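Line order of the protein sequences matches chains A and B.
For the first sequence, position 845 matches number 845 in our numbering, and the numbering has no gaps at all.
All you need for our numbering is the position in the second sequence, starting with 1, plus 1256.
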Amino acid sequence: MVKTLLRSALREIRQSAGRYLAILAIVGLGVGFFAGLRACQPDMMATGVKYLEEQKLYDFRLLSTLGFTQEDVDAFAAREDVSAARGAVFTDFLTEIEAGTQVVVKAHSLTEGINLPKLTAGRMPQAPDECLADARYLPESVIGTVLSVAEENDEDTRELLHCGGYTIVGLAWFPYYLNYERGTSSLGSGSVAAVVYIPEEGFAFEAYHEIYLSMKDMAEPYSEAYDLRRDELEDGVEALLDERAEVRYTSIYDEAMEEINDAEAEISDGWEEYHQEKADAETELDDAYRELTDGESDYEQGQRDYEQGQKDYAQGQRDYADGQQKVADAQKELDNARQEVADGEAELADARKELDDGWEEYYQAKADAEQELADALRKLQDGEQEYNDGLADYNDGLEKLEDAEAEIVRGERELQNGQMELNSAEAELADAWAKLQASRQQLDAAGAQLASGKAELDQGEAEYQAGLEAAAEAAGIPIEIIAQLPEFAAARAKLDAGWAEYNTNLSKYEAGEREYQSGYAQYQSGEAQVIAARQELQAGRAELERGRKELADGKKELADAKRQLDDARQELDDGWKEYNDGKAEADRELADAYQKLMDGEAEYADGVQELEDGKAKLADGEQELADAQKELTDARRKLDDAKSDLDKAPGELADARKELDDGWKEYNDGRADADKEFADAETELRDAEDEVADAREKLKDLRHATTYMLTREENTGYACFESDTSIVAAISVVFPVFFFLVAALVCMTTMKRMVDEERTQIGVLKAMGYGSGQIMSKYLFYSGSAALLGSAIGYTLGVTGLPWIIWEIYGMIYGFAPLEHAPLPALVSISFAAALLCSMGATWLSCRMELKRQASELIRPKTPRAGKRVFLEYITPLWKRLSFLHKVSARNVLRYRSRLVMMVLGIGGCTALLCTGFGIRDSIAHVADDQFSEITLYDYAVTFQDGQTQSSAAEYLERYGWTEDDALLVHNGSVDVQSPEGTKSVYLVISSADSLEGFISLHNEEGPVAYPGKDQVVLSGGLAESLGVSVGDTVTLLAGKMGSMETVVSGICDNYVFNYAYLSAQTYREQLEEEAELNTLYVMAHEGADPYEEGALLLEDEDVGAVSVNAATQDRVDSMLSRLDYIVLVVVLCAAALAFIVLYNLTNINVTERVREIATIKVLGFHQNEVAAYVFREINILSVLGSLVGLGMGKALHAFVMAQIRIDSMTFACRIAPLSYFISFVMTLLFTVIISLGMRPRLRRIDMAESLKSIE
Amino acid sequence: MSKFVRFEGVKKVYRMGEVEIEALRDATFAVEKGELCVIVGPSGAGKTTLLNILGGMDTLTEGRVFLGEEEISAYTPKQLTNYRRHDIGFVFQFYNLVPNLTALENVELAAQICKHPMDPEEVLRSVGLGERLGNFPAQLSGGEQQRVAIARALAKNPQLLLCDEPTGALDYHTGKSILKLLQLMSRKNGMTVIIITHNSALTAMADRVIQVKNGTVLSVNINDRPAPVEEIEW
């Protein structure tokens, strides 16, 4: 490609990223799906192969009814083509994994180098009582649990598992059990809860149960080469197996025979010995008896003698005791007397002392009393003296007081006189004062008259003088002349007379004044005399007051002194009285004491005399007693001798008795032992004889060994794995084709649109001389690179993701190891080639037409595609009713056919996928529901320890209060059903009542299925299908060792969980010549009762081995199937991706193609919503159409997928619920709405100016 | 007569990244009701900007635009849509018919969204397409398509008919007939018609000629005696 074009192409990619991504995504989705699904089977197979090779699954498994010895194992190991041979043992046993629930566990011995467990937790067992447990069924928490072998296990099992309990030390996957199946068991309910592997030492066994062989030069498991090589080796192994089986038989037979012979010889020896020994024992016993009888009579004589001696001794003893008593009494008396004498002496001594003390006391008391009295007397006399002094003082005081009182009275009188004198002096003084005052006033008035007379005279003088002068002046004569004039002389006279009167008056006044002055001086001296007298009087009064007070104090003092004196007198009188009393008493007391002392002296003298007498008597008594004692001692000695002789006798007698008893016991024991021993010996011998007889009989029956040589094909897990993994491969065809188709369509429409857009550019390029190929290369590059990138991403995600998811889902069957990825070079090339073919092919197809045109034609704008009438328009009534916005949509829808197809396929595909996804859920999720609500109607099954007869079962029914409607007795076992197309191991159910009515509903779509009659069998649907049989075909039922039955299929019934074959008891009886063991009871729980509780209760019954509650099974199945939800999720995600890509692409094209149209209607004034409706209506119509088509496609796709999904032991009803259809439809439309909403902003961004542009 | 369309100092600046382009500045003019106005100017003079603004397809930077009493320049986007819907008829240079609708349906497309539409058939008849109602655009000639476009614009009964180079894609004669139709519509129905063209020959037929150059209004001339279309030559 030219560089410029490449650049142009790259730029194109950048500018139209959405479109590019759409191609990339759809191609990625297609490739992812295709490659992912395609890779599943190889990946799973690789995982399985790796696992089997690593864990070294056996190539051959050998079984023999007689078991194998180590020599047998060695013989196989010695073969050249065998790389390893290991003997192994296995057994089922009842135990409790969770406390309280008894389950069946299958135990295998660990084999070195073959069937290696793959440890997932914990460690490998190291001790015999440790085990590895099943990682599939048990959680890690069981590590540490001890699986104890329950009591209910039979003896053989308990012996085989000799450790009694096995501690789980690790969890592991076991290659022998590749899938979830653990086989069935004859114990308990028949279902095996888990498998454990125990070290070989943990088993106590005589012979190996099986041998595993690992062969040399084996090809990869599941390969054809492997099968070829195996077939090649088979004959050799089988031949050796038969040979060893024969050897084993012979050795067992010979060994047994030899043992029998030895035993017989031993028995006859035994008899002989028995008889001999019996005789010897008899003789010995008789001798012993005789000896014992003699001893008995001797013993009796001894006993009698002993009793007589005892009696004599007792009498002596009594006599002695009497004597002793007497001596003791005498002794006591003497002791008393002696005591009395001693007491008397002591008493006398005490009396003497008392007397002496008394005397001393007496004299002391006397002296004290006298002293005391003398002191008292002296004190009294002193008191008397004091009193008399006091009294004299008092009398003196009294006298003085009286004098003072008299003086005071005198003083008072004097004072009164003084006062009176004073008062008269004062009155005199006041009179004198008043006289003085009057004379004063007279004097003052005279003074004033004098003054005014003087002033008048002075005036007259002055007037005279002035008159003289004036006249002198006027007359001019000297004054003296004038004065001589008459007038002046009269005036002179008058004046001089005035002056004379005045002078008289003045001397009178002055005499009055002198008189007054002397009177005043007289008054003043009188006043001073009065004041002095008053003061004197005052002082006299104060002194008198003082005297009076002193007198009162003196009186009080005297009164106190008087009181004191009286008290002293009283005291003295009391003292006298006391003194006299004390003296009298002391005298009396002293006299008494003296009398008493004198009496004591007399008494004392008597006592002394008495004592002397007592002493003499005592000496006599003592002598008597000594004699008596001597006598007693002699008696005692004699008695003691007798006693010692007697004491020895009982011991001797007892010894004799014991000896005799022992003798008897020995004798009896000996006899019993001998009897028992001989009886035992006899029984033993007889048993041995019987045993030998039995053994001989058994040996006769010993059969030659039946051997089986099994290959891996007979291992359920190994065989199923191959077929199970191929399921996905089948599905992987349809889905990817579908996706690739849509991818091609997306590419085509996209590229076509692109070429249309770049038409002019192509024309120009062409005109410039580029070749068609070069121009084409740009577009091929565009789509090719998108496809390549998409493929790379899709492939990576698909190949890693899808197988992982599928493996997760398969985990409920396998899941033994993480998924391996197988290298798939072919798949890579196919995926990429298909992707490129799709995208580039589509590009080429869409470019080819354009490029064929002439350059000139291309440069011109493409003539707009003519509007066309669509068929709808011819239905006028309908068409007229459509608004032409709908008309436009209708025409557009039908205008581009490839888009229509792409849309319908894409959207339809989306709906179809959703339908399928939900449909798978619908089909599978209800399996458990349907099974347990429509088919298996009973609530729980009780499995008995042993088979029951009708009557024992009836008893059982009665015990738990069931009627025949509540419970049904059946045989429940397993059988292999064989048809020309294969063999299947299924559950066999035989009803004791030839009907299962009410407990299991046998029906199919057409109605009820009749219970099988003679030589007929009813098979469950899934079983019939996988065996390829239908009603009327013959199948063989293989019942293990019991043989086989030929039966005709009389009906096929619906069944979803597990596979069942139903048979009549008659067929079983007649064909196998044996009754079917009725081991199971189907029970309807009592109304309102909890089946679990009822079941738990029943388990306590010792006849009941197990109870399986259907609700529990239902839960288990449900949880197993819930993993299928992954499928639904994957499908929904794919559907969404598909829908989004297709819708985005179409919308994108629709919008870009019609930018001009959209701009125009915007200019015309369409609102946003109207514009959106105008554009998207078309897509909505296509979505609805596509979804409707998709619903149909979904039904078909679902049917196809369901046909591919086959899980052994499960049958699925193929159905899709109406709700699922509805949800699928709605979800698809929802995707459409989401895309529409997402594209709205793009519409909004379209510029109206686009409408003005010229057409390019 | 009142000033029906008024531009007052309109300025439009486009911003393209860093660059600012002044497409229109100080554009002031008025058109009276019932007039046929031709806006003429060379390419890039700002005619289309002017038309876009008047047609409610674009906003302006400065100034005010009135139609009657309404100020267009103050409208919200939603109001602008309604304005286009009810008040404006638009005739495009390239007709812009919806290819999937017949002539009649194209007219109906416009008629159905407005309040007082004219009868689409009648309108089509009035533009001389009475016989071609059921034809798809691809089955019509350019002139016929433009007539359908005009009919579509008229059917909305707009207050203002805007024509963007209505003859641009047509030949001489067809162009003339279209112009004649427009002149007739203006005269007969008293409709205000604004034609935008670079062809100055068309000015002769106008009542009012507005010359635009370099983003501004150069002159506004009233033509007292507009010539009949037949007399115009170019």
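All residues carry an ideal CB built from backbone N, CA and C; glycine is no exception.
Quantities reported herein were computed from a predicted structural model and do not represent experimental measurements.
For a contact defined as C-beta to C-beta under 7 Å, what are the partners of residue i on chain A?
i	result
B:Glu1400	The premise fails here: B:Glu1400 is roughly 14 Å from chain A at the closest Cβ pair, so nothing lies under 7 Å.
B:Ile1406	Those do not exist, as B:Ile1406 stays about 14 Å from chain A at its closest Cβ, beyond 7 Å.
B:Thr1337	Gly1165, His1167
B:Phe1348	Ser1251, Leu1252
B:Asp1282	Neighbours of B:Asp1282 on chain A: none; closest Cβ ~23 Å, over 7 Å.
B:Asp1480	Chain A residues near B:Asp1480: none, gap ~33 Å exceeds 7 Å.
Comparing alpha-carbon positions, which option in the options lies nearest residue i?
i	options	result
A:Leu386	A:Gln324, A:Arg440, A:Arg569, A:Glu585	At residue 386 of chain A the sequence reads Glu, which differs from the Leu that was named. If we check each option's Cα against that of A:Glu386, A:Arg569 comes out closest.
A:Asn1059	A:Leu1081, A:Val1130, A:Lys984	A:Lys984
A:Leu1097	A:Tyr960, A:Val1226, A:Phe1212, A:Leu1027	A:Tyr960
A:Asp655	A:Gln303, A:Tyr1011, A:Val1031	A:Gln303
A:Pro818	A:Thr65, A:Phe34, A:Lys118, A:Tyr594	A:Lys118
A:Ser214	A:Leu802, A:Ala1213, A:Val237	A:Val237
A:Asp994	A:Lys638, A:Met420, A:Ser1064	A:Ser1064
Find the residues of chain A that neighbour residue i, judging by a C-beta separation of less than 9 Å, and give them in chain order.
i	result
B:Arg1464	Those do not exist, as B:Arg1464 stays about 23 Å from chain A at its closest Cβ, beyond 9 Å.
B:Arg1341	Leu1164, Gly1165, Phe1166, His1167
Can you pull the chain B neighbours of residue i, defined as C-beta to C-beta under 9 Å?
i	result
A:Ala1249	Thr1304, Asn1308, Met1313, Asp1314
A:Val888	Val1354, Asn1356, Leu1357, Glu1361, Leu1365
Quickly, what does DSSP pair residue i with across the bridge? List them, please.
i	result
B:Asn1477	B:Val1465
A:Met1210	A:Val1057
A:Asp173	The sequence given here has Trp at residue 173 of chain A, not Asp. Answer is A:Lys118.
A:Arg61	A:Tyr212, A:Leu710
A:Ala88	A:Glu210
B:Asp1420	B:Ile1452
A:Leu1188	Its beta-bridge partners do not exist; DSSP assigns none.
A:Asn1004	A:Gly1007
A:Cys1261	Residue 1261 of chain A is absent from the model: chain A starts at 1 and stops at 1256.
B:Phe1285	B:Phe1263
A:Gly982	A:Ser979
By the criterion of Cβ-Cβ separation under 7 Å, what are the contact partners of residue i in chain B?
i	result
A:Val1175	Under the 7 Å cutoff, chain B gives no residues; its nearest Cβ is about 12 Å from A:Val1175.
A:Thr47	None at all; the shortest Cβ gap to chain B is about 58 Å.
A:Glu1157	Val1354
Using the beta-carbon of each residue, which ones in chain B are nearer than 8 Å to residue i?
i	result
A:Asn892	Asn1356
A:Thr1147	Simply none; closest approach about 17 Å.
Span of the beta strand (DSSP E) holding residue i?
i	result
B:Glu1264	1259-1272
B:Gln1368	Taken as a continuous stretch (DSSP letters only), B:Gln1368 belongs to no beta strand (DSSP E), as it is neither H nor E.
A:Ala1309	Since the first and last residues shown for chain A are 1 and 1256, residue 1309 of chain A lies out of range.
A:Ser109	102-109
A:Val970	967-979
Since residue i is in the alpha helix (DSSP H), which residue starts that stretch and which ends it?
i	result
A:Gly164	No alpha helix (DSSP H) contains A:Gly164, which DSSP labels as neither H nor E.
### Query
Of the residues that make up the segment 750-766 of chain A, which ones have a beta carbon closer than 9 Å to any beta carbon in chain B?
none
### Message
Against chain B, which members of the segment 29-42 of chain A pass a CB distance test of less than 9 Å?
### Response
none
### Message
Closer than 8 Å between beta carbons: that is the criterion. Which residues of the segment 1355-1377 of chain B meet it against chain A?
### Response
Pro1355, Asn1356, Leu1357, Thr1358, Glu1361, Glu1364, Leu1365, Ala1366, Gln1368, Ile1369, Cys1370
### Message
Closer than 7 Å between beta carbons: that is the criterion. Which residues of the segment 1412-1442 of chain B meet it against chain A?
### Response
Asp1420
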